[in-house]
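What follows is a single structure, written as C-alpha cells, with notes after it.
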Amino acid sequence: MARSSLASGTGKRARSAERPSSGQGRPAAARPDGTRPGHTPPPDWRPRVDPGPLLPDREPYRLLGTPAVADLDPQLLRELYGQLVRGRRYNRQATALTQQGRLAVYPSTTGQEACEVAAALALRPQDWLFPSYRDTLAVVARGVDPAEALTLLRGDWHSGYDPRATKVAPLSTPLATQLPHAVGLAHAARLRGDDTVALALVGDGGTSEGDFHEALNFAAVWKAPVVFLVQNNGFAISVPLDKQTAAPSLAHKAVGYGMPGRLVDGNDAPAVHQVLCEAVEHARAGGGPTLVEALTYRVDAHTNADDATRYRDDAEVEPWRAHDPVALLERELRERGLIDDAGIRAVEAAAEEMAARLREEMNAEPVLDPMELFDHVYAEKTSQLREQAAQLRAELDAEEE
Ligand SMILES: Cc1ncc(C[n+]2csc(CCOP(=O)(O)OP(=O)(O)O)c2C)c(N)n1
Ligand SMILES: [Mg+2]
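Position 118 (the sequence shown) corresponds to 118 in UniProt numbering; numbering is contiguous.
Structure (C-alpha cells):
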C-alpha cells in the first residue's frame with residue numbers, strides 16, 4: 001500500500017513539473033506525434049548514410065544449384081575446381097609433414113578451400129593479398145611456390161617468399177594485424193593514383209580484435225580500396241561463434257562503420273568468387289571498402305597441435321562434411337557435363353604431382369641459421385636481445401657437441 005501511494009504521489013509531482021508553460025498558465029497542445037511545442041529534437045538530424053544498402057544479404061548468397069550458375073564461364077568453374085582439389089591435397093600433405101617432423105605447425109583449411117581459392121582468383125596482378133596464418137592455400141593459389149609458402153610454419157623467422165615480388169604480405173600470426181596493414185597499403189595506392197586493391201583475410205575470432213575495428217574505421221573514412229574477407233569457420237581455437245559475438249552476423253558489423261556488408265555461402269566457390277570480384281572492382285572504381293562474411297566450417301582441428309574432440313561433437317561436423325566445397329562444385333560440373341571421370345582423374349593426378357614435389361622439397365634438410373633471428377630486429381641489439389642471442393648460441397653449440 002505504502003509503495004503504491006508513494007509511486008502515485010511521485011507521478012503527480014513529476015507530471016506537474018514537466019508541464020510546459022504556455023505563457024498563460026495553460027499546457028501547450030501536443031502535436032499529432034505526442035510531442036509538445038518547445039521540446040525540439042536535435043537540430044537537423046538524419047542518418048549520415050542510408051543504412052539500408054549497407055545491410056548484408058538476408059540469406060548467404062549462393063550460386064551452385066541455382067539457375068544463375070548457367071551464366072558463369074565454364075572455364076572459371078573448371079579453374080576453381082582444379083584449385084580446390086589441389087588445395088585439399090595440399091592441406092593433407094602439409095598435415096602429414098607435421099607428423100613427420102618436417103613442419104612445425106599447420107593450420108589446415110580443409111572445408112574452407114573455396115574461400116581460399118576464390119580470394120586469390122578475385123585479384124588482378126597489381127593487387128595485394130594480406131593473409132592470416134591459416135591462409136597458405138590462398139597464398140599458393142595466388143602463385144607463391146608451395147614449399148616457400150611453408151617457410152614461416154617450418155619455424156624460420158621470415159616468410160620465405162618476397163612480399164614485394166609476389167604482392168602477398170607475410171602470413172600474419174598476431175590476429176588481425178594484417179588488416180590495418182592492408183588499409184595502409186590501399187590508402188597509399190590511392191594517394192599515389194594507382195589502381196591497386198588490397199584483399200585482407202581474417203577469421204571470426206579476429207573480428208573481436210581492436211585492429212579489426214581500427215582497420216574498418218580507417219578504411220571507411222578514407223574510402224580505401226580494400227576488401228575484408230572474414231572466414232567464419234565457427235571457431236577461434238575452442239571458442240565457438242556464439243561466445244565470440246552477439247552481432248546478428250559478422251557481416252552486420254560493416255554497417256556500423258559505414259561500409260556494405262555481404263554474406264555468402266563460403267563453401268560455394270563461384271559465389272565467393274563473384275562476391276569478392278564485385279567488392280574488389282567496387283573498391284578499384286573508388287567505391288570504398290566492403291566487408292564480406294563467408295560462412296564456412298573448420299573441418300579439421302585448429303592446428304595439428306589441437307584436439308577438437310575436447311570441445312566439439314563429431315555430430316556437429318557431419319552436416320558440414322555434407323556441404324563440402326569440393327563435392328558441391330564437382331556435382332555442378334558433372335550435372336552440366338563440364339567434367340567426366342577422366343577429367344576428374346586428370347585434376348587429381350595434377351594435385352598428386354604437386355604434393356610429391358612439395359614432399360620432396362620439404363624433406364630436403366633446410367639450410368638455415370637460427371642466429372639470424374636476432375639480426376633484423378633493431379639496428380643495434382638491445383641488452384635483452386644480446387642476452388637471448390648468447391643463450392641460443394650456447395644451446396646450439398651444446399647440440400653440436
Ligand atoms: C593478437 C593475438 N591474440 C591471440 C592469439 C592466439 N590465437 C591464435 S589463433 C587464435 C584463434 C583465432 O580464431 P579465428 O580468428 O576465428 O581464426 P581461425 O583460426 O579460425 O582461422 C588465437 C586466439 C594470436 N595469435 N594473436
Ligand atoms: Mg575461426
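C-beta atoms are modelled at their ideal positions from N, C-alpha and C, and glycine is treated no differently.
Short Cβ contact (9 angstroms threshold) for Gly203 with Ala169 = Position 203 of the sequence shown, counted from the first residue, corresponds to residue 203. Position 169 of the sequence shown, counted from the first residue, corresponds to residue 169. Their beta carbons are not under 9 angstroms apart, which means Gly203 does not touch Ala169 by this criterion.
request  = Look at the alpha carbon of Ala138 and the alpha carbon of Glu116, and state the distance between them as a whole number of angstroms.
outcome  = Along the sequence shown, read from residue 1 onward, the residue named residue 138 stands at position 138. Along the sequence shown, read from residue 1 onward, the residue named residue 116 stands at position 116. Rounded to whole angstroms, Ala138 to Glu116 spans 4 angstroms at the Cα level.
message = So Ala351 and Leu80 are supposed to be a Cβ contact under 8 angstroms. How far apart are they, rounded?
response = Taking the sequence shown and counting its residues from 1, the one referred to as residue 351 is at position 351. Taking the sequence shown and counting its residues from 1, the one referred to as residue 80 is at position 80. Wrong, their Cβ atoms sit about 14 angstroms apart, outside the cutoff.
Boundaries of the alpha helix (DSSP H) in which Val221 is found, first to last residue = Taking the sequence shown and counting its residues from 1, the one referred to as residue 221 is at position 221. That run of the alpha helix (DSSP H) goes 210-222.
task = Considering only heavy atoms of ligand 2, list every residue whose Cβ is less than 7 angstroms from one of them, following chain order.
result = Gly203, Asp204, Gly205, Gln231, Asn232, Asn233, Gly234, Phe235, Ala236, Arg298
request  = Would you mind reading off the limits of the beta strand (DSSP E) that contains Glu372?
outcome  = By 1-based counting over the sequence shown, the position of residue 372 is 372. It is not in any beta strand (DSSP E) - Glu372 carries neither H nor E in the DSSP assignment.
query = Going by other Cβ atoms of all chains shown within 10 Å of its Cβ, with 16 needed for buried, is Val49 buried or exposed?
reply = Indexing the sequence shown from 1 puts residue 49 at position 49. Label assigned to Val49: exposed.
request  = Below 8 angstroms on the Cβ atoms is my guess for Leu175 versus Ala122; work out the distance and round it to an integer in Å.
outcome  = Residue mapping note: residue 175 aligns to position 175 of the sequence shown, counting from 1. Residue mapping note: residue 122 aligns to position 122 of the sequence shown, counting from 1. That pair is no contact at about 23 angstroms.
ask   = What do you get for Met371, buried or exposed, if any count of 16 or more other CB atoms within 10 angstroms of its CB means buried?
value = Taking the sequence shown and counting its residues from 1, one reaches residue 371 at position 371. Result: exposed.
ask   = Do the segment 205-224 and the segment 135-152 meet, that is, are 3 or more Cβ pairs less than 8 angstroms apart?
value = no
query = By a C-beta neighbour count over all protein chains shown, 10 Å radius and 16 as the cutoff for buried, is Gly258 buried or exposed?
reply = As a working note, residue 258 is residue 258 in the sequence shown. Its Cβ being crowded by 16 or more others within 10 Å, Gly258 is buried.
Asn258, DSSP secondary structure in three states = Counting from 1 along the sequence shown, the entry for residue 258 is found at position 258. With the sequence shown as reference, residue 258 is identified as Gly, and Asn is not the correct amino acid for it. Coil at Gly258, not helix or strand.
message = Suppose contacts are defined by Cβ-Cβ distances below 9 angstroms. Is Val299 in contact with Val280 by that definition?
response = In the sequence shown, counting from the first residue as 1, residue 299 sits at position 299. In the sequence shown, counting from the first residue as 1, residue 280 sits at position 280. It is not a contact, given that the beta carbons lie outside the stated cut-off.
query = With respect to 8 angstroms, is the separation between the Cβ of Tyr106 and the closest non-hydrogen atom of ligand 1 below this value?
reply = On the sequence shown, residue 106 is found 106 positions in, with the first residue counted as 1. For ligand 1, not one heavy atom lies less than 8 angstroms from the Cβ of Tyr106.
inquiry  = Looking only at its chain, what residues have a beta carbon closer than 7 angstroms to the beta carbon of Ser21, apart from the 5 residues adjacent to it on each side?
reply    = Along the sequence shown, one-based indexing puts residue 21 at 21. Low local confidence applies: a pLDDT of 44 at Ser21 is under 50, so the model's placement there is unreliable, with the coordinate-based value given in what follows. Same-chain partners within the cutoff: there are none.
Those residues which DSSP pairs with Leu103 across a bridge = Translated into the one-based positions of the sequence shown, residue 103 becomes position 103. None; Leu103 has no bridge partner.
ask   = According to the neighbour-count rule (16 or more other Cβ atoms, all chains shown, within 10 Å of its Cβ), is Thr110 buried or exposed?
value = For the purposes of this step, residue 110 is taken as residue 110 along the sequence shown, with counting starting at 1. Under this definition Thr110 is a buried residue.
key: Span separating the alpha-carbon of Val197 from that of Ala283   = Translated into the one-based positions of the sequence shown, residue 197 becomes position 197. Translated into the one-based positions of the sequence shown, residue 283 becomes position 283. Cα to Cα, Val197 sits roughly 7 angstroms from Ala283.
ask   = Per DSSP, which one or two residues make a beta bridge with Glu400?
value = As a first step, residue 400 must be located in the sequence shown, where it is residue number 400. Glu400 pairs with nothing; no bridge assigned.
Three CB pairs or more closer than 8 angstroms across the segment 296-311 and the segment 348-365 = no
Residue environment, Ser249, which counts as buried when at least 16 other CB atoms sit within 10 Å = Counting from 1 along the sequence shown, the entry for residue 249 is found at position 249. Ser249 comes out buried.
ask   = Would the beta-carbon of Pro170 be found less than 8 angstroms away from any heavy atom of ligand 3?
value = Within the structure as shown, ligand 3 is missing, the only ligands being ligand 1 and ligand 2.
ask   = When the Cα atoms are used, what is the spatial distance from Ala68 to Glu293?
value = For the purposes of this step, residue 68 is identified with residue 68 of the sequence shown, where counting begins at 1. For the purposes of this step, residue 293 is identified with residue 293 of the sequence shown, where counting begins at 1. Cα to Cα, Ala68 sits roughly 21 angstroms from Glu293.
query = Nearest CA to the CA of Gly210: which residue from Asp33, Arg393, Gln178, Leu329?
reply = Mapped onto the sequence shown, residue 210 falls at position 210. Nearest C-alpha to Gly210: Gln178.
key: Top-ranked residue by Cα proximity to Thr296, from Ala271, Lys223, Thr35, His187   = Translated into positions along the sequence shown, residue 296 becomes position 296. Residue Ala271 is the option with its Cα nearest to Thr296.
key: When Arg58, Leu64, Pro43 are compared against His323, the one with the closest alpha-carbon   = Locating residue 323 in the sequence shown gives position 323, counting from the first residue. Closest by alpha carbon: Leu64.
message = Using only the alpha-carbon positions, how far apart do Pro240 and Gly52 sit?
response = Along the sequence shown, one-based indexing puts residue 240 at 240. Along the sequence shown, one-based indexing puts residue 52 at 52. Going by the C-alpha atoms only, they are around 29 angstroms apart.
query = Quick one, are the C-beta atoms of Val149 and Thr136 less than 9 angstroms apart?
reply = Residue 149 sits at position 149 when you count from the first residue of the sequence shown. Residue 136 sits at position 136 when you count from the first residue of the sequence shown. Reading off the sequence, residue 149 comes out as Ala, not Val. Yes; because the gap between Cβ atoms is below 9 angstroms, this pair is in contact.
task = Run the CB neighbour count on Val264, radius 10 Å, all protein chains shown included, and call it buried at 16 or more, exposed below.
result = Here residue 264 is taken as the residue at index 264 of the sequence shown, counted from 1. Label assigned to Val264: buried.
Pro240: CB within 8 angstroms of a non-hydrogen atom of ligand 1 = Start at 1 with the first residue of the sequence shown, and residue 240 comes out as number 240. No.
ask   = With a CB to CB cut of under 6 angstroms and the five nearest residues on each side skipped, what residues in its chain are close to Gln83?
value = On the sequence shown, position 83 is the one that residue 83 refers to. Closer than 6 angstroms at the Cβ level, and outside the excluded window around Gln83, lie Val117, Ala141.
ask   = When the Cα atoms are used, what is the spatial distance from Val226 to Gly288?
value = Here residue 226 refers to the residue found at position 226 when the sequence shown is read from its first residue. Here residue 288 refers to the residue found at position 288 when the sequence shown is read from its first residue. If you take the alpha carbons of Val226 and Gly288, they lie about 7 angstroms apart.
key: Per-residue burial, Trp45 [other beta carbons within 10 Å of its own, 16 or more giving buried]   = Start at 1 with the first residue of the sequence shown, and residue 45 comes out as number 45. It is exposed - the Cβ of Trp45 has fewer than 16 other Cβ atoms within 10 Å.
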